[in-house]
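Here our numbering runs 11 ahead of the position in the sequence shown, where the first position is 1.
For glycine and all other residues, C-beta sits at the position ideal for the given N, C-alpha and C.
Structure, as C-alpha cells:
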Amino acid sequence: MSDPAGKVSLTGIKPTGEVHLGNLVGAIRPALRLAEQYDSLYFIADYHALTTIRDADLLRHYSRSVAASWLAAGLDPERTTFYVQSDVPEIFELSWVLSCVTGKGLMNRAHAYKAARDRNVAAGDDPDAGVNMGLYNYPVLMAADILIMETDVVPVGKDQMQHVEYAADIAGSFNHLFGDKYTFKIPKGVIPESGAGDVLPGLDGRKMSKSYDNTIPLFLPENKLKKLVRRIPTDSTPVEAPKDPDSSAPFQILRQFAPESAADVVADTRKRLEAGGMGWGELKNVLFEVLNTELAPMRERYEAYMEPGSELDEVLARGAERARERASRVLSGVRRAVGAR
Ligand code: TRP
C-alpha cells in the first residue's frame, strides 16, 4: 500500500448474520481506517448472501442491520460510497459478460466450491449435491463487483484472497480478448492491519466467528451483553494466584477491543493479573465496563438507523446513485467493446 493517494479501495460485506465484536475488530475498524486514505466504496453484498439465505425477510433484515452497524461504527457515507449490491443492476450485467471470458476450470478450483465438493465426496454423496450455480459462479459475481468500480485495492480477509486473484485473472482474460477497445484495471487484494494483532477469541475460546456460533453480537441490550461476557471461558486459577493475561480469552478481548482512551485500564489490568489478586470475575467486570462504555453510543445510533423509515434508506439510495453512475460508465465501455447494442 505504498501510495494510496487517488486510488480506489472497494470491499463487499456479505449480510448473513448480525455484526459481532470479531467483525468490528477484524474488519470494520481496519476498513474504516483504510477509508481515510483511499477513495473508498463499501457495499452490502446481498446477492452473494442469496446463495445461502432463502428467506426474504431475513435477507432484508441482515442487509439493513449490517448497513446500520457499519454506519453506527463510524462509516461516513459522504466520504465512502456506501450501497447495496442489488441496487446496482449494472453489476449483474457485467457478471454475465465476465462469465463468458472465464474458464470453467478456474471455477472448479475455487475454494468454496471445492470445499463443498470434498464434503459431499467424503459423505459418499453426489459431488455436486446441494451446490447451486450461485455458489459456483460466486467468484465471477465478485469479479464484477470489483471490476465495475475500477478498483485498485480490495481489503479482504485471508479467506477471500483467492477470489480477488480470480478477479485479476478474469480482468486479464477480458483485456487479452477486448483490450484494444476496453481495458479493466487489475485489482490487488490487501489484508488490512487489524492493529490488534491476533484473532479475537469467541465464547468457546476459538476464533470468534459466526460459523462457530460463539460470537458476542455488537448491539445486544446491556444485560444480555453482561451475560455473554460472563460466559467467556477461563481456567480455574484461584483469585490470589498470578495469571498469564495473554492466554486468557477475556483479557485478549479487552486488549484488542479497548479504544485508545482505555489503554490505561488495559495496562493496569495486565499488571494486576500478573501480580495475582485479580480474579477472572473481576476481569470480566472490567471487560464489560469497557465494552459497554464504547458500545452504548454506537448502539443508540444503530437503533435509530434500524427504525423503519430512518435516514438509513436515504443514505443507501444516495450511495446507489453514486455507484450506478460509476458502474454505468464502465459498463458502456464493456458493452461497446464486446459488440452489445
Ligand atoms: N465474498 C466476500 C465475503 O464473503 C464478500 C464480497 C462480495 C466481496 N463481493 C466482494 C469482498 C467484492 C470484496 C470485494 O466476505
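For residue i versus residue j, is the C-beta spacing smaller than 8 angstroms?
| i | j | result |
| --- | --- | --- |
| Val108 | Val349 | yes |
| Asp163 | Pro203 | no |
| Ala84 | Leu323 | no |
| His31 | Thr226 | yes |
| Tyr73 | Gly330 | no |
| Pro256 | Arg281 | yes |
| Glu161 | Lys196 | yes |
| Leu214 | Leu306 | no |
| Arg22 | Val165 | According to the sequence provided, residue 22 is Thr. The question's Arg does not apply to it. Yes, the Cβ-Cβ distance between Thr22 and Val165 is below 8 angstroms. |
| Ala155 | Ser205 | no |
| Ala273 | Ile102 | no |
| Ala121 | Gln173 | yes |
| Ala260 | Val99 | no |
| Pro212 | Ile157 | no |
| Ile159 | Leu294 | no |
| Phe299 | Leu236 | yes |
| Ser80 | Leu45 | no |
| Glu233 | Asn143 | no |
| Thr91 | Tyr53 | yes |
Looking at the unbroken beta strand (DSSP E) that takes in residue i, where does it start and where does it end?
| i | result |
| --- | --- |
| Leu70 | Element bounds for Leu70: not the beta strand (DSSP E) but the alpha helix (DSSP H), Ala67 to Ala83. |
| Tyr53 | Asp50 to Ile55 |
| Phe93 | Thr91 to Val95 |
| Val30 | Here Val30 belongs to no beta strand (DSSP E), and DSSP marks it neither H nor E. |
| Gly116 | Careful: Gly116 lies outside any beta strand (DSSP E), inside the alpha helix (DSSP H) at Lys115 to Asn119. |
| Val201 | Lys199 to Val201 |
Could you check where the alpha helix (DSSP H) with residue i kicks off and where it finishes?
| i | result |
| --- | --- |
| Pro166 | Looking at the DSSP string, Pro166 is not in any alpha helix (DSSP H); the run it does join, the beta strand (DSSP E), is Val164 to Pro166. |
| Thr304 | Trp291 to Met317 |
| Gly344 | Glu322 to Val349 |
| Gln173 | Met172 to Phe189 |
| Arg352 | Looking at the DSSP string, Arg352 is not in any alpha helix (DSSP H), and its letter there is neither H nor E. |
| Gly145 | Met144 to Leu158 |
| Asp137 | Run containing Asp137: none; DSSP gives neither H nor E here. |
| Ile102 | Glu101 to Ser110 |
| Ala46 | Arg40 to Ala46 |
| Leu86 | Unbroken run through Leu86: none, as it is neither H nor E. |
| His236 | Note that residue 236 corresponds to Leu in the displayed sequence, not to His. Residues Glu233 to Arg242. |
Using DSSP bridges, identify the partner residues of residue i.
| i | result |
| --- | --- |
| Thr22 | Tyr53 |
| Pro212 | Lys218 |
| Pro270 | Bridge partners of Pro270: none, in fact. |
| Arg228 | Sequence check: residue 228 is Pro here, not Arg. According to DSSP, which records beta bridges pairwise, Pro228 is partnered with His31. |
Check your understanding: Looking at C-beta atoms only, is the number of pairs between the stretch 311 to 318 and the stretch 241 to 259 that lie closer than 8 angstroms three or more?
Key -> no
Exercise for review: Assess, as a yes-or-no matter, whether the stretch 47 to 66 is touched by the stretch 285 to 293 under the definition of 3 or more beta carbon pairs within less than 8 angstroms.
Suggested key: no
Check your understanding: Do three or more CB pairs link the stretch 148 to 160 to the stretch 54 to 74 at distances below 8 angstroms?
Key -> yes
Check your understanding: Is it a yes or a no for the stretch 179 to 194 touching the stretch 111 to 119, going by three-plus beta-carbon pairs under 8 angstroms?
Key -> yes
Exercise for review: Take every Cβ of the stretch 258 to 273, pair it with every Cβ of the stretch 31 to 46, and state whether three or more of those distances are shorter than 8 angstroms.
Suggested key: yes
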